Structure formats: structure tokens, C-alpha cells
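Data first, discussion second: the structure below is written as C-alpha cells.
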Amino acid sequence: MSTATHQTQSSNINRYPELKLSWSGDYESLKLFVDSELNFEGTWSSIGGEKKLFKSKNVDIHWWAKKKFLRIEGKQASEVKRSILMLILHDIGSDDHNIRSSHNMCKCPEVSSDIEGVKLDVIILESTVKQQANTLVSLQETLAKLEASTTDAKSIPLDQLSKSPSQ
């Protein structure tokens, strides 16, 4: 990925500061997620009761247990956010009709039904495009036949056209 593309994608993620991430699972499932899905090495600590902190070389992940709020900071914050969003999108695109994660990130069946509606629209549009393509091919064949018959008619001398077939 080029630096320009990377910077554009990073700025797109940071364009909406009011967009917040949350973790609805428990502390242990968050630790498992960070370790297995994000593949970060670091240390976890409890900072005063409900606040948990994951600290690695290039990213800090703060989580408040009661509010279920995540704050991601550091040099790789945008990459971590992008990874989380890609995992969510992957779950949405899966064959399972509910948005589910083994880590309880999101459960939104209404989004799933919206996606199914979009899929149906795409199938209908594909069918329409195929029908129109077939119609276009048929029209092109008819046009080619007409052009061929016109060419044949032009090759008949004019004096033969004026004579009746019985003569």
C-alpha cells in the first residue's frame, strides 16, 4: 500500500471523532480478541477499578468495563480501528444471517435484513442487465441482417427493378 493511500485511509477513519467503539463482552474476551484477532503483544493492567489498559509498543487500548467504551491511541491507532472495522464487515458479509462475533462485538439483525435486501436488489439488477444484453444482441443480429439485405438490393440493376416478375 502506498504512503499516500495509507494516509488517506487513516484520515478517513479519523474524520469522524464522534464515532466511538465499544466492547460489549467481558474483560477476558477483550484480552482474547486483542491477542488472537489483532495479534498485538503487550501487557494488560487495571487502572483504578473499571478501567483496563492494554499497552504495546505502538498502541494503547483503554476500556471502561461499565461504559463498555474503547479508546485506541498511539502510532497504530488508525490501523487497529481499521482492523476492527474490517472484522465487523467480514462478519456482516458472512453467510450467517446475523451479525455475530465470537467476541460479542455486535448483534444487529436489522442490519442483516438490510444487507439481504441489497443482495436481492443486486440479483434483480443482474437479471435485468442480462435481459437487456440479450435484447441488444438480438437487435444487433437483426440490424446485420437488414444491412446485408440492403446491400443485396443495391446490387440489383435499376432496370430489373422496374420490370414485373411476369414479364
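Just so we're aligned, residue 1196 is where the sequence shown starts under this note's numbering, counting upward by one.
From the three backbone atoms N, C-alpha and C, an ideal C-beta is built for every residue, glycine too.
It should be emphasised that the depicted structure is a prediction, and the values quoted were computed from it without experimental measurement.
Would residue i be called buried (16 or more neighbouring beta carbons within 10 Å of its own) or exposed?
{"i": "residue 1334", "result": "exposed"}
{"i": "residue 1346", "result": "exposed"}
{"i": "residue 1275", "result": "buried"}
{"i": "residue 1313", "result": "exposed"}
{"i": "residue 1309", "result": "exposed"}
{"i": "residue 1265", "result": "buried"}
{"i": "residue 1247", "result": "buried"}
{"i": "residue 1286", "result": "buried"}
{"i": "residue 1160", "result": "In the structure as shown, the chain begins at 1196 and stops at 1362. Residue 1160 is therefore absent and cannot be evaluated."}
By the three-class DSSP mapping on this structure, what secondary structure does residue i have?
{"i": "residue 1273", "result": "helix"}
{"i": "residue 1224", "result": "helix"}
{"i": "residue 1231", "result": "helix"}
{"i": "residue 1344", "result": "helix"}
{"i": "residue 1350", "result": "coil"}
If the criterion is Cβ atoms closer than 8 angstroms, does the pair residue i and residue j meet it?
{"i": "residue 1249", "j": "residue 1237", "result": "yes"}
{"i": "residue 1218", "j": "residue 1263", "result": "yes"}
{"i": "residue 1216", "j": "residue 1279", "result": "yes"}
{"i": "residue 1268", "j": "residue 1255", "result": "yes"}
{"i": "residue 1259", "j": "residue 1225", "result": "no"}
{"i": "residue 1284", "j": "residue 1232", "result": "no"}
What are the boundary residues of the alpha helix (DSSP H) that residue i is part of?
{"i": "residue 1240", "result": "Not the alpha helix (DSSP H): residue 1240 falls in the beta strand (DSSP E), residues 1238-1241."}
With respect to the beta strand (DSSP E) encompassing residue i, which residues constitute its N-terminal and C-terminal limits?
{"i": "residue 1235", "result": "Segment: none, residue 1235 is in no beta strand (DSSP E) and carries neither H nor E."}
{"i": "residue 1256", "result": "1255-1259"}
{"i": "residue 1246", "result": "1246-1250"}
In the DSSP assignment, what are the bridge partners of residue i?
{"i": "residue 1217", "result": "1264"}
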